[in-house]
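Structure, as structure tokens:
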Amino acid sequence: MAPIYQPIGTAFGIVPAMKPVAYPNLLLLLAFLPLAQVGAAQFGKQGRHSLSFGGRIGHPLGGFSAVWGGRMAGYGGQLIMPMRVLPLGFGVQYDRSSLGAFRTDVPIDVPYLDATEGRLVVRSSNHGFHAVTRFDPLRGRFVPYADLLAGWRSFSLRSKLTVDGVDGPLEREVLQRGSAFSWGWAAGLMVRLKGPLYGEIRVERSYSGESQWTDPGSIELDQDGLLNYEERSSSADALFIQAGISLRF
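Structural data, given as structure tokens:
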């Protein structure tokens, strides 16, 4: 008989010891928002606001690549507000990428459920929160631009247990966190499709300090029903390519 998977709090008995990590992502993002609104009277006629969203793929570089040779996939978005006189804009960027995930069916024993099996998903991911300064002097059908970014990049390992017939996850837990200061640059091109709608592609070079993160290839459930994984430490330098759409208004 397979060992019973014990829900969060007891199932993850074999995990690396973790040091507390400052995790001010929400505060940092809130601190960036005023940058997109500074001097409201300075924004407007000479430029256009832009709201972008797209899918992203990431290629680790430097120490990150030396420790882990995988690829990242996810999404990202930017909100930019232009200045009235100078060809500059200020705004914010958020992005999220998955390093990989572990999925398996596990036996469960929950008194108030008839189900005897659940689906366990453990995902390793990273999130970026950045302030953006944009240079985009041209207007028209083709709009090239260059960005400077500064902010925070964080990593997390999260588990989710779902059961058929139960709305939402039965259990969730954050198993590991790590974060570091991050900065970089990006170059992109917008091409007008129709009205305010543009197609967009951008290349982003990201640098960061050292952070803790989890190698998704190391995640496993042992024969006793306990979760094991390996925590790594390195920079989070990477090259991202984002393709999507943008609204300019």
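First residue of the sequence shown: 46, per this note's numbering; consecutive thereafter.
Glycine is no exception: its CB is placed at the ideal position from the N, C-alpha and C atoms.
*Is the CB-CB distance between Ala225 and Asp192 below 8 Å?*
Annotated as distal: Ala225 and Asp192, with beta-carbon spacing of 8 Å or more.
_6 Å CB neighbourhood of Val208 in its chain, flanking five on each side removed_ = Ala160, Gly163 and Leu215
*asked:* For Glu265, count the other beta carbons within 10 Å of its own beta carbon; 16 or more makes it buried, fewer makes it exposed. Which is it?
replied: exposed
*Between Asp282 and the rest of its own chain, which residues show a CB-CB distance below 6 Å, the 5 nearest in sequence each way excluded?*
Leu106, Gly107, Phe109 and Tyr252
*asked:* For Ser110, report the span of its beta strand (DSSP E) as first-last.
replied: Counting along the chain, Ser110 falls outside any beta strand (DSSP E), though it belongs to the alpha helix (DSSP H) covering Gly107 to Val112.
_Would Gly114 and Phe285 qualify as a contact pair, given that the criterion is a beta-carbon distance under 8 Å?_
The Cβ atoms of Gly114 and Phe285 do not sit closer than 8 Å to each other.
*Is the distance from the Cβ of Leu268 to the Cβ of Gly223 below 8 Å?*
At residue 268 the sequence reads Gln, which differs from the Leu that was named. Not a contact, by the Cβ cut-off of 8 Å.
*Nearest candidate by alpha-carbon position, reference Phe147, set Gly136, Arg168 and Leu133*: For the residues Gly136, Arg168 and Leu133, the minimum Cα distance to Phe147 belongs to Arg168.
*With distances taken from CA atoms, which of Leu194, Phe187 and Pro189 is nearest Thr178?*
Leu194
*asked:* Helix, strand or coil, according to DSSP, for Gly262 in the structure here?
replied: helix
*My understanding is that Gly173 touches Asp140, with C-beta atoms under 8 Å, so please give their C-beta distance in whole angstroms.*
4 Å
*asked:* Which same chain residues end up closer than 7 Å to Gly134 when comparing Cβ atoms and leaving out the 5 residues on each side of it in sequence?
replied: Gly92, Ile125, Met126, Pro127, Met128, Arg179 and Asp181
*Is the beta carbon of Gln138 less than 8 Å from the beta carbon of Gly119?*
Contact check for Gln138 against Gly119 fails: the beta carbons are separated by 8 Å or more.
_Same chain only: Cβ atoms within 6 Å of Val248, ignoring 5 sequence neighbours per side_ = Cβ within range, chain order: Ala232 and Ile286.
*Exposed or buried, what is Glu245 when buried is set at 16 or more other beta-carbons lying within 10 Å of its beta-carbon?*
buried
*Could you give the C-beta distance for Pro241 and Arg293, rounded to a whole number, given that I count them as a contact under 8 Å?*
5 Å
*State the Cα-Cα distance for the pair Phe98 and Ser291, rounded to the nearest angstrom.*
6 Å
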